[in-house]
Structures are given as structure tokens and as C-alpha cells.
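Protein chains in written order, with UniProt numbering: chain A, 1 to 202; chain B, 1 to 205.
This is how it looks when you write it as C-alpha cells:
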């Protein structure tokens, strides 16, 4: 059984997809939450000066998306065939782009922030969610008919963007995505994690 | 018999070229469809996410350039030798990927000289940051990860080619290990053949 240590800040942000997938896969790991003040001292010792990090049996992997793909493969959530894996990948990228657009807004100057926020809420997010809704099945799965990392990515990124105070359209408008979210929340490992995880502001 | 794979993109290198380089390196045939900006609006809604490139295979359409490249890397055995190597290769790609759209912002889409100058300053910082990190982590023998050509080397090469040939020649000399990776790619006979034969594209990017 490999020893797994996951390090991120004490929040969900772009690190939470990985924690949720570890939970779905029933994979035990050390959930290290770094206080911002400790980060500066650590930064240069990390592969690329960024969090999150995944340490597995002496190897350190960085880049949240690469970590996500690795965990998905290990947890059996990556997709059964190579082409299914590619479909899972593309959905993960699409879902993540929603979070990235939202996160970029917060470093903008105030005047620009309001304009970009409006554009995201009224145009970009509805358009992307519409495409994603078409890609999900009526049963609430993006690939095949069981949970994959694609479903988890949609749920966690949607939730994280909401907590960045972006007013996303309700999933009620996107029935397939609503089912995806329900399937994610119903997974026993994930349900337990959602109930027990530390409550954080982001 | 029609090739198994059909790649559709604009007539440029940019986000489509890593996949084309992969097909070349692996010696795998594919249909290399290039559409114009005029043709694009009619295509858009039939794509999974309203963007190019797309890859059609076995009746399925994939989108997202790096997901497509990773898929072809896997199909051709160029994704990594072990599970952890694959994750390490992925990490390099994640770190480098943004350089293509940011560079396009300067060399293709800049509105005027002032815009170009401002965006160049940001791009230079981004290049230094991303290539700096990759230089630190790169292998020393001409490969980013392990000891064989992987897709991350091709992703780097596509970017470095644009930096040197289109944006700012001389940049790569600050990154000797990465330069060695790119030289290894260039020396690959199949890659060299593709580069000699590939379409010039509607613009040089």
C-alpha cells in the first residue's frame, strides 16, 4: 500500500478535486494543510514552487491537474479505455476552466473586476455549462455509466466557483449536470468526506 | 482505407502542433484537416466544447488540445514508461501549456505597438518563470523525464520553436537543459522530415 501525502493550503480552491477523488477511491492519505506563513520557507524545495503536491513513495508530483489525473488512474476513476480516459480528461479541463476564469477575476483591479465578473456570470459560465450539460448523460455521468473524475471535477469546480462569490446559474437549469452532482454526492466515500472535511472559507 | 484519426484545427501550429508532432514521431497516419476562420462558425456548434482542435476517432470526438495530445501520446507509447513518469510528464505540460496562448497574444493578436509592448513585458516574465522551473526539473540528457522521447518534450519543443523563431531569438540560451531537449527533438529523423514538409500555415505561429 503506497504511502500518500497531499499538501495544499487550508482551503478547497484548486486542491479540493484531489481530496474528493482520494475519498472516492477509498485511498488513505495524509491531508497536510499549510498555513500561508509556512509557505515561503518551503517554496524553493518544491518541484515548481507551487502547491498542491502529492508525495507517493518518495516521488513528489506537482501541478494540480497532473495530480488529479494520477489519483483518478489509481482510484479507478480515470475511464476504462484509453478513449474514455481522453473524454474524462477533456471534461476535467472544461470544468477546471470555469474555476480558472473565476480565480483570475480576483487579482484584477476593482473596475475591471466588476466587468469580468458580469461577463463570466452572464455569458461565459452559462455557455460552458450548456456545452457540459450536453456532454453529460441523462443518468448523470459524463463517460459511461459510472462515476469518473469528470463527474467529480464538474461538481467540485462548480462548488468552488460558487464560494468565490461568483453567481453561477443554478444547476436546475442543466438537468444532466444536476444529476452528475447528485451522483457525486451519493458516492459513499465522497459523502463521508463532504460531511467530515474541515469547513473553510474557500 | 481512411486513417483512424482525423485532427481538425486552424491552419497554424499553436495548440494543434504537439499532436501533429506526436503523429510524426510515432509514424502514425492521420487526416490533418485545416479550416479557415470563415469556415469556423459553421463548425462550432458541432464540436463538444465550441473550440478547436478536435480529434475524431472511432466515431468519438475529443476536444481540449492537451487531452487530445495526451490521448495520442498514450496510443503511441509516448506518454511515459511508468505511472509516476506519466504524472511527471503531465506536470511539465501543465506548466508550459499557457505559453502558447500568451505568446499568440503578442505575436498574432496584439492590437497595436503599445499593446504589443505591454503584453511582451508580461510574456517575458511568464517565459522566465515557466522555463526557469522546467530547466530546474529537467533531465540533463536531452529528455525532460526519464530517458526517452515523451510528449512533454514535443510540447516544449513547439513552444521553444515559436519563442526562438517568431518571438525573441536567443531566449533559449538561458536554458541549456531545455535547449538540449529541443535539440534532441529536432534531431529525430521523423520530426525533421515533418518540419521540412509541414504546411507553412496561415501565419507563422
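Just so it is clear, CB atoms sit at the ideal spot from N, CA and C, and this is done for glycine as well. Since this is a predicted model, take the numbers as computed values, not measurements.
(request) Put residue 31(A) into one of helix, strand or coil per three-state DSSP. (result) strand
(request) May I have the straight-line CA-CA distance separating residue 82(B) from residue 74(B), to the nearest angstrom? (result) 12 Å
(request) Pick out whichever of 13(B), 9(B), 3(B) has its Cα sitting closest to the Cα of residue 161(B). (result) 13(B)
(request) Return no unless some Cβ of chain B is closer than 8 Å to the Cβ of residue 170(A). (result) no
(message) What ranges does the alpha helix (DSSP H) occupy inside the segment 80-159 of chain B, keeping only unbroken runs of at least 4 residues that lie completely in it?
(response) 83-96, 99-107, 113-137
(request) Would you mind sorting residue 165(A) into buried or exposed? The rule is 16 or more other CB atoms within 10 Å of its CB. (result) exposed
(request) Could you tell me the distance, in whole angstroms, from the CA atom of residue 57(B) to the CA atom of residue 15(B)? (result) 19 Å
(request) Please work out which residues of its chain come closer than 7 Å, Cβ to Cβ, to residue 101(A), disregarding the five sequence neighbours upstream and downstream, and give them in chain order. (result) 120, 124
(message) Please classify residue 72(B) as buried or exposed, where buried requires at least 16 neighbouring CB atoms within 10 angstroms.
(response) buried
(request) Quick one: using the 10 Å Cβ neighbour count with 16 as the cut-off for buried, is residue 99(A) buried or exposed? (result) buried
(message) Taking beta-carbon pairs under 7 Å, can you tell me which members of the segment 86-98 of chain A lie near chain B?
(response) 86, 87, 89, 90, 93, 94
(request) Enumerate, from N- to C-terminal direction, the unbroken alpha helix (DSSP H) stretches of 4 or more residues contained entirely within the UniProt domain "GST C-terminal" (81-202) of chain A. (result) 82-105, 110-119, 125-135, 149-162, 175-186, 188-196
(request) Could you please give the first and the last residue of the uninterrupted beta strand (DSSP E) stretch that includes residue 67(A)? (result) Residue 67(A) -> not in any beta strand (DSSP E); alpha helix (DSSP H) instead, spanning 64-75.
(message) Which of the three DSSP states is assigned to residue 9(B) in this structure?
(response) strand
(request) For residue 57(B), return the contacting residues in chain A, with the cut-off set at a CB-CB distance below 8 Å. (result) 83
(message) Does residue 183(B) come out as helix, strand or coil in the three-state DSSP assignment?
(response) helix
(message) Taking 8 Å as the threshold (C-beta atoms), are residue 185(A) and residue 144(A) in contact?
(response) no
(request) Say whether chain B places a C-beta atom closer than 8 Å to the C-beta of residue 131(A). (result) yes
(request) Check whether the Cβ atoms of residue 91(B) and residue 80(B) sit closer than 8 Å, and answer yes or no. (result) no
(message) Counting only beta-carbon separations shorter than 8 Å, does residue 74(B) have a partner in chain A?
(response) yes
(request) Could you list which residues in chain A have their beta carbon closer than 7 Å to that of residue 95(B), in chain order? (result) 48, 63
(message) Once DSSP output is grouped into helix, strand and coil, what is the label at residue 46(B)?
(response) coil
(message) Comparing C-alpha positions only, which one of 10(A), 53(A), 73(A) sits nearest to residue 147(A)?
(response) 73(A)
(message) How far does the beta strand (DSSP E) with residue 60(B) in it extend, from its first residue to its last?
(response) 60-63
(request) Taking residue 173(B) as the query, report the chain A residues whose CB atoms sit under 8 Å from its CB, ordered along the chain. (result) The premise fails here: residue 173(B) is roughly 22 Å from chain A at the closest Cβ pair, so nothing lies under 8 Å.
(request) Give the interface partners of residue 133(B) over in chain A, defined as CB-CB distance under 7 Å, in chain order. (result) 48, 49
(request) Give the DSSP-derived three-state secondary structure of residue 28(B) in the structure shown. (result) coil
(message) I'd like to know whether the C-beta of residue 67(B) is nearer than 8 Å to at least one C-beta of chain A.
(response) yes
(request) Label residue 147(B) either buried or exposed according to how many other C-beta atoms from any shown protein chain fall within 10 Å of its C-beta, with 16 as the threshold for buried. (result) exposed
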